[in-house]
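Chains as they are written, first to last, in the UniProt record's numbering: chain A, 1 to 248; chain B, 1 to 248; chain C, 1 to 248; chain D, 1 to 248; chain E, 1 to 248; chain F, 1 to 248; chain G, 1 to 248; chain H, 1 to 248. To start, the structure under review is shown below, and the notes come after it.
Number of protein chains: 8
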Amino acid sequence: MILKTLEILQKVKNNELTIEQAQKLIEQPLDYATIDYDRKKRTGNHEVIYGAGKTKEQIIGIVKNMLDHDIHSILITRVDQEKSEAILKEFPQMIYDSLSHICYIDEDQKEINKGKIVVVCAGTSDLPVAREAMLTAQFLGNEVELVSDVGVAGIHRLFHRLDTIQRANVLVVCAGMEGALASVVGGLVDKPVIAVPTSIGYGANFDGLSALLAMLNSCASGVSVVNIDNGFGAGFMAHTINCLGGKK
Amino acid sequence: MILKTLEILQKVKNNELTIEQAQKLIEQPLDYATIDYDRKKRTGNHEVIYGAGKTKEQIIGIVKNMLDHDIHSILITRVDQEKSEAILKEFPQMIYDSLSHICYIDEDQKEINKGKIVVVCAGTSDLPVAREAMLTAQFLGNEVELVSDVGVAGIHRLFHRLDTIQRANVLVVCAGMEGALASVVGGLVDKPVIAVPTSIGYGANFDGLSALLAMLNSCASGVSVVNIDNGFGAGFMAHTINCLGGKK
Amino acid sequence: MILKTLEILQKVKNNELTIEQAQKLIEQPLDYATIDYDRKKRTGNHEVIYGAGKTKEQIIGIVKNMLDHDIHSILITRVDQEKSEAILKEFPQMIYDSLSHICYIDEDQKEINKGKIVVVCAGTSDLPVAREAMLTAQFLGNEVELVSDVGVAGIHRLFHRLDTIQRANVLVVCAGMEGALASVVGGLVDKPVIAVPTSIGYGANFDGLSALLAMLNSCASGVSVVNIDNGFGAGFMAHTINCLGGKK
Amino acid sequence: MILKTLEILQKVKNNELTIEQAQKLIEQPLDYATIDYDRKKRTGNHEVIYGAGKTKEQIIGIVKNMLDHDIHSILITRVDQEKSEAILKEFPQMIYDSLSHICYIDEDQKEINKGKIVVVCAGTSDLPVAREAMLTAQFLGNEVELVSDVGVAGIHRLFHRLDTIQRANVLVVCAGMEGALASVVGGLVDKPVIAVPTSIGYGANFDGLSALLAMLNSCASGVSVVNIDNGFGAGFMAHTINCLGGKK
Amino acid sequence: MILKTLEILQKVKNNELTIEQAQKLIEQPLDYATIDYDRKKRTGNHEVIYGAGKTKEQIIGIVKNMLDHDIHSILITRVDQEKSEAILKEFPQMIYDSLSHICYIDEDQKEINKGKIVVVCAGTSDLPVAREAMLTAQFLGNEVELVSDVGVAGIHRLFHRLDTIQRANVLVVCAGMEGALASVVGGLVDKPVIAVPTSIGYGANFDGLSALLAMLNSCASGVSVVNIDNGFGAGFMAHTINCLGGKK
Amino acid sequence: MILKTLEILQKVKNNELTIEQAQKLIEQPLDYATIDYDRKKRTGNHEVIYGAGKTKEQIIGIVKNMLDHDIHSILITRVDQEKSEAILKEFPQMIYDSLSHICYIDEDQKEINKGKIVVVCAGTSDLPVAREAMLTAQFLGNEVELVSDVGVAGIHRLFHRLDTIQRANVLVVCAGMEGALASVVGGLVDKPVIAVPTSIGYGANFDGLSALLAMLNSCASGVSVVNIDNGFGAGFMAHTINCLGGKK
Amino acid sequence: MILKTLEILQKVKNNELTIEQAQKLIEQPLDYATIDYDRKKRTGNHEVIYGAGKTKEQIIGIVKNMLDHDIHSILITRVDQEKSEAILKEFPQMIYDSLSHICYIDEDQKEINKGKIVVVCAGTSDLPVAREAMLTAQFLGNEVELVSDVGVAGIHRLFHRLDTIQRANVLVVCAGMEGALASVVGGLVDKPVIAVPTSIGYGANFDGLSALLAMLNSCASGVSVVNIDNGFGAGFMAHTINCLGGKK
Amino acid sequence: MILKTLEILQKVKNNELTIEQAQKLIEQPLDYATIDYDRKKRTGNHEVIYGAGKTKEQIIGIVKNMLDHDIHSILITRVDQEKSEAILKEFPQMIYDSLSHICYIDEDQKEINKGKIVVVCAGTSDLPVAREAMLTAQFLGNEVELVSDVGVAGIHRLFHRLDTIQRANVLVVCAGMEGALASVVGGLVDKPVIAVPTSIGYGANFDGLSALLAMLNSCASGVSVVNIDNGFGAGFMAHTINCLGGKK
């Protein structure tokens, strides 16, 4: 059972808890998680919760604990439908985006970065990953534009959006299959490109390996890569880079 | 020792060889190779010699045997510098192309296919493979044009050559690293594209694996793939396809 | 919501839409897909919809949009049973082939290629892939014959069908396990062979890797390879090649 | 033979070259390379020459051609000892760094970025890669500091350099073996980290695969990855990011 | 059907079984398993049952047989929920730990080792594996302390627990993703560290391969590795090592 | 619909079928399978049906067709529970072994080989594969003995069964995990050993890869290997070898 | 220094060695190798020396020791040119086969097996492996015939040798690239086939992996596999099998 | 140039160095290495130098620096012949073991651990790795016994040494190929076993992968694994464990 700080103090007063028990509860009330309350101060961002591999009870416990510590900007990634329902029942103020499997609440004030991030996405099937990148970057305080379904097999579609792409400060490129879009975009801009291989494809795609290797071997300079399907990581990296250009 | 047919017959007459010995020598004089004299009749092309893994003595024996059977169009692939010297010493009429490691003689009459084959090559480092494809297709009776150093990181270079590319009947695309060129070319033409991954690159290139997987996962239709660095195979396949368009 | 062009124009007239909104809807009414209306003009074929990784709502939206643009030859690959039911409920004129998981409508006039494509299939278990190749090639305007269950372990079965095989203009060979059929067929014909590794097998098959590697290493010339289980890609490539032989 | 523009014009005047020949020589005098003279204008940086897989004759030809076009900032990566000697004999003004295998000339004026790039290096054996990153970033106009031999097995060594690390605008982390340094650094800063896996190690290192996978799976946010041993790519990416912070 | 020894003897007396049948039943009553009754005498520990790949009937048969041989300390690993219900219905005295999927009964007297084992766990998602290690080591007679959620991305969390870590006699470190925690802990202690890669992660994690390779390549000395997710193996190894320090 | 030969002839008489239709039906009545009726004559054994990847309708069609051709010894491998029910409903004379997933009927007379085959199995979890080998070898006419649960971690269990093992004419060794049993057995006998890696294990087992590689690298001579989990293949190979020793 | 037994005994008599020292020298005079003198008695064959990874001094020591124990049939595999020269200088009675890298002496009387072994070899480049198999089987007492250069791309070459192939008692099939020959041969005979993948090929051959996987997935029954390039293992296995057919 | 502390102080006195320069030289005189002088105090052992990837100049600099700091027990691993010569020329007091490629000096006093470490080695070819383990453990203060050439193919050889093996406190097992020895030894003892896969083998050994996977999947408990060929790591781990048993 997880108690609010006030309740803990009350219990100390009532001799229901010893000083030592109370201190432990206040400092680290969860035995399965060590929450990094200082993270925002240290790195500028609140800790994000990686939802996969955690039970819904654990996630709810962590969120409750963060809310109790007055953290009101919380992003949870990789929350499946079933967990999302339990979470939203407990915290109706949270929002669930079923495409990207992100669950979040975003009530803190924040400064917005000056530069724009553009998320480019090869095909409709890559949208969940692209959207994870977009929501993450927005959550962290960035203006984001999404350019969708512009894969290299019909490269004129990409050129129709060249203006948008070349106005970006940072780019995130999500592509599965042969992942060629990252190299093509990288050759068209002089801004940093974060490439996200997706697991879209089959057979010799080997769950995203083909796009991952292609992106790591990009002949375009100014391209770096995050893990397969790691839209969150790309959005976070793009934000970290975008901060260098200053706030609005 | 390998004898010319005439010498064999002379020996039979002189009772130096039995009829049975002579027959065996005429039909299969080499104990390490079974030459397919009917291949041209059956498949339209002479057997090509795969030079890797054969000693220079074996290659010379096979060539001598083919010349004795009046085969005067011979292509040997993957001949290293040292073997080439031994071969050219024995058969000064042969030509060695040190970039593609091909050794050939090409004295037969042949009909030329109507359509043109265009070999597109991503970078200067991919030239040896591209050239193997080009020489193979020329040897088999095709007009071939080479478009070099048009990788996707500077895609305008490719568009400068669009005319040439779109006039091709069949295309061979050689690229290492992320192998994206095959998909981009595949999206620009309505003709068959043979993609050749090359082993150019390093690290997560894994000796051509990145380009191979990328090409197999091409989002462009009308693209098929041959083995890594298999310029010969691509040239041969392009020729086989080009034959469907008829002879000049 | 997706509107027909007429409805959009009506709304403009009624001032329910601005000119700008209408233009955007007409040109690209879907925010998750960039349909390539000019593809037929540019590459000779309508865009095919890759069904995997798209929701049924997205597929229905794309089909509706294409029909509104008077495209009446539509092929959707990798449609599972559940999606197919939703699609056929919306568009009863479409046909679903449950073996190959293809959903299509084929009402456009088209010219038929002169040469015949033969799809050769190693075992009964490879039929779904072979059928995807066959339906694709038929859809694109080719006469196709299927030769089934002629794997190399009983090679006489293949020789019984030699006539059919040698009359083909282009061949597609589908095989799982050791994928040897492609090499054997490649040695028997002088026409292009498209090899399709299938994921049929188990253990050291590694989901089709064994057949893929075997086919890429084929000792027969005139063989090129598409992705594992990519019957569609093989059918498309065979069609592209077959076009070179002219129309009936 | 490669001619200077003046010589070409002279030859035109002397009727030694036709107008068409001259035009071709001026625009693309090399048949093996398509030099991207506009790259600086388009992407802000001159094209860098990838030295591996090119013959020394090809490299010399490209450099000569660039100098003739008044490009005097040239960086060539992956130049082995033997090639470097031929290049320096031809162009004594070039400098060869034998540790990083970079060959360069750097005579253009350039603006320097405001922020500092810090290159962190796990062990002495990773120095060649770290130095490739450092020289690249310096060449492109950045102030770079190198922090060497601070691997995680003795993590206090890293903490001794915390000040330097936390003052960086962008970080490049080079590590082989288990590549853990990238995650640890990523957790200590709020700036973008470019991780470079190196091939240092043996056995289950699989030529850098262990560090590559580790870095792609980093539990720290704000980390992205380039190819194994790709110090150049990391230096370039760090520069591209650092540009966002403005010039001095 | 499995009989107790007494029942067997009774049946021999009643001539329902021959001497030979009885001997076989007593010595090896199960045709699907060869139980190693002497294991405790030989290696100091009872055989542990590997639950995966065995039917619940087989597990129940083995447990019944062991109980009949007066073995009352039994540990079964990898028991899923459904099997656990069948087992607990048959043996209500057994305990099921649903997090680690361990089912056990622990009624034998045992000596406790002097040194303490500390199990360190990178994230909440790694807890099932850590708990498997902890329960195994406790079952075998060790005092175990668990330090949870101290991954390297927030390395100060680890340092808060340094005292606990440095007081351990043996350490087990469970981590997924990049598995860096093992190297960091290994550099902070002079005691043996057993590293357990977990399959927590996604994409280029390849089901635990990234952490496995990272741990095998640890730059810290005094670290050895067990199979991915093998909490049991780590707990067992830690116990075997801990025995060297003597009993309480 | 599949007709018996008699029915076909009746229909010919009734003019319900043309001569040509009838011939086709008699010779190859199934469009999805090419049954090899001469296989027994040619190779000594009836064709075995590989059940995976075939629908139950296809399997039933093939069995019906074989029965119509008076083949009454039929073995179908890899039949899951659901397919088995459909098959047994149609052919109640067939037997289904749920452990090995084999479905068979065995009514032909056959000669039995003189030598005994011994199937050795490392653990209870490997039994399904071992049983597939055993049933296959019995079906083909061999006396088979099963030695179960004698893995190398308690090697005395193996030595208790040494007599049985050394009396075998051919051995089949099934083991998962590290697959060491094959080498140990191979060193104890002078008879051929067929090693079957099983997919039993987890983590770095990679679905049987560890045992497969181990067995291929066996330091014992006289060991050869079949595919992972291929109990059928091992049983068949053991039979083929055992035939050399003659019939009883 | 290695002493002959007689010298040892002499030294004991002279009190130059204690009884214990002498016993140790007689039983195991080499500190780097434990020679298995009883192997012939136990398994029917003398131990074969694996030459790779041993120094020439170690090999010479082992041979000297075996000769001293009156073993005069010795086979050493994988002896490179340089080691062979040192060995032959020491033991001029040994024979070195430079193609297969086997070094042997074969002076023991031996019985010859009744059945014939046929070694089938796909291409000239596979000959070294085929010859290793042939020499091994001959050394162990078998009549062996070699059928060379009959790869599946020209399958009529194989059919010309069908008589030889079908008269074999056991077959060894050596093939690189796609390794299809094993399946084709396996379908043509009813005798055991030992498949040897060779490392002949390039690119996606991955040093023999393609042929290895293909052979493990053979759709023909009665085929089992040894390690890549393991001609010795295949020859040994074929001999072990051939023994079952009895001696001449 | 590297100066001894005395020389530095002299230079300070002579005003040849500033105080700041001197301090830096004393504390970290090498710009390519951060020597961990406190390591012995912190972890009980001096830092070991990983020789691979360092130039001989770097190694000599580090050794000189350590000697200057009065460290006289230095172990350098992976020193090739050429580097060793340069090192021994500089430091004649060092010893080079050419089999294990270790270079060391061992002049510090040290306590010896009570328990014995036994290094077991499968074949003569695995000796270099086994010897690296042995020398490392001896260097760190352990009594070590080597049991060589007792691979599982002739398992009686292992049983002859059972006494030695069962008297060990800790065991190191080095084996290549199928790596089965670790499991067999693990089943025979109740002490911790450190398994070292070696790269001995060929083909599907994949440079030690087969032994590595086998050892990670060991069915014996109490076995953990270090990197391929990492004899040093195994020796170090064995020492760390052995310390728990106390000093002599």
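C-beta atoms are modelled at their ideal positions from N, C-alpha and C, and glycine is treated no differently.
Could one say the Cβ of D/Q58 lies closer than 8 Å to chain B's Cβ atoms, at least one of them?
Stepping through the fourth sequence from its first residue, residue 58 of chain D is reached at position 58. Yes, D/Q58 lies at the interface with chain B (some Cβ there is under 8 Å from its Cβ).
Tell me which same chain residues have a C-beta within less than 8 Å of the C-beta of F/I112, skipping the five on either side of it?
Here the question's residue 112 of chain F lines up with position 112 in the sixth sequence. Cβ neighbours of F/I112 beyond the five flanking positions: G141, N142, E143, K247, K248.
How about C/Y50: is its C-beta nearer than 8 Å to some C-beta of chain F?
Within the third sequence, residue 50 of chain C is the residue found at index 50, counting from 1. No - not a single Cβ of chain F is within 8 Å of the one on C/Y50.
One question on the structure: do C/T164 and C/G235 come within less than 8 Å of each other, judged by their Cβ atoms?
Residue numbering aside, residue 164 of chain C sits at position 164 when the third sequence is read from its first letter. Residue numbering aside, residue 235 of chain C sits at position 235 when the third sequence is read from its first letter. No, the pair does not count as a contact, with Cβ atoms beyond the cut-off.
Tell me which same chain residues have a C-beta within less than 8 Å of the C-beta of G/S98, skipping the five on either side of it?
Reading the seventh sequence from its first residue, position 98 is the one you call residue 98 of chain G. Same-chain partners within the cutoff: Q81, S84.
Tell me which same chain residues have a C-beta within less than 7 Å of the C-beta of G/N230, skipping the five on either side of it?
As a position in the seventh sequence, residue 230 of chain G is number 230, starting the count at 1. The residues are V196.
Proximal residues of chain F, C-beta to C-beta of C/A204 below 7 Å
Residue mapping note: residue 204 of chain C aligns to position 204 of the third sequence, counting from 1. Under the 7 Å cutoff, chain F gives L212, N227, I228.
Would you say A/G235 faces chain E, with C-beta separation under 8 Å as the test?
Start at 1 with the first residue of the first sequence, and residue 235 of chain A comes out as number 235. So no, A/G235 is outside the interface.
I'd like the span of the beta strand (DSSP E) that includes H/D68, first residue to last.
Along the eighth sequence, one-based indexing puts residue 68 of chain H at 68. In the DSSP assignment, H/D68 falls outside any beta strand (DSSP E) and within the unbroken alpha helix (DSSP H) covering 56 to 68.
Tell me, which residues are paired with B/I49 by DSSP?
Translated into the one-based positions of the second sequence, residue 49 of chain B becomes position 49. Beta bridge pairing from DSSP links B/I49 with B/I76.
Can a CB atom of chain B be found closer than 8 Å to the CB of C/N217?
As a working note, residue 217 of chain C is residue 217 in the third sequence. Cβ-Cβ to chain B under 8 Å: yes for C/N217.
6 Å Cβ shell around C/S125 - same chain, five flanking residues per side excluded
Taking the third sequence and counting its residues from 1, the one referred to as residue 125 of chain C is at position 125. Only I200 meet the Cβ criterion.
Interface residues of chain H facing E/K191 [CB-CB closer than 7 Å]
Here residue 191 of chain E refers to the residue found at position 191 of the fifth sequence. The contacting residues are T240.
Could you name the residues of the stretch 124 to 152 of chain D whose beta carbon sits closer than 7 Å to any beta carbon of chain H, in the order they occur along the chain?
T124, S125, L127, S148, D149, V150
Within-8 Å CB hit, D/S221 to chain A
Stepping through the fourth sequence from its first residue, residue 221 of chain D is reached at position 221. With 8 Å as the cut-off, D/S221 counts as an interface residue toward chain A.
Buried or exposed for G/K13, going by 16 or more other Cβ atoms inside 10 Å?
To locate residue 13 of chain G, count along the seventh sequence from 1; it is residue 13. Exposed is the call here.
Quick check on the burial criterion: 16 or more other C-beta atoms within 10 angstroms. Buried or exposed for H/H156?
One-based indexing of the eighth sequence puts residue 156 of chain H at position 156. That one is exposed.
According to DSSP, which residues form a beta bridge with H/N113?
Counting from one through the eighth sequence, the residue named residue 113 of chain H turns up at place 113. Note: H/N113 sits in a beta bridge opposite H/K247.
Residues of its chain near G/C243, where Cβ-Cβ distance is below 7 Å and the 5 sequence neighbours each way are ignored:
The residue you call residue 243 of chain G lines up with position 243 of the seventh sequence. Answer for G/C243: N113, listed in chain order.
Proximal residues to B/H72 (C-beta, below 7 Å), its chain only, five neighbours per side dropped:
Along the second sequence, read from residue 1 onward, the residue named residue 72 of chain B stands at position 72. The residues are I105, E107, D108.
Just the C-alpha distance for G/L88 and G/Q58, rounded to the nearest angstrom, thanks.
The sequence position of residue 88 of chain G within the seventh sequence is 88, counting from 1. The sequence position of residue 58 of chain G within the seventh sequence is 58, counting from 1. G/L88 and G/Q58 have their C-alpha atoms roughly 14 Å apart.
Rounded to whole angstroms, what is the Cα-Cα separation between G/S218 and A/L213?
Looking up residue 218 of chain G in the seventh sequence gives position 218. Looking up residue 213 of chain A in the first sequence gives position 213. Each residue's alpha carbon lies about 30 Å from the other.
Could you give the C-beta distance for H/G179 and F/E145, rounded to a whole number, given that I count them as a contact under 8 Å?
Reading the eighth sequence from its first residue, position 179 is the one you call residue 179 of chain H. Reading the sixth sequence from its first residue, position 145 is the one you call residue 145 of chain F. Contact doesn't hold; Cβ gap of about 29 Å is too wide.
Start-to-end residues for the alpha helix (DSSP H) that takes in D/P128:
Within the fourth sequence, the letter at position 128 stands for residue 128 of chain D. Counting along the chain, the unbroken alpha helix (DSSP H) around D/P128 starts and ends at 127 to 139.
What number of angstroms, rounded off, separates the C-alpha of E/R78 from the C-alpha of E/A52?
Here residue 78 of chain E refers to the residue found at position 78 of the fifth sequence. Here residue 52 of chain E refers to the residue found at position 52 of the fifth sequence. E/A52 has its alpha-carbon roughly 5 Å from the corresponding atom of E/R78.
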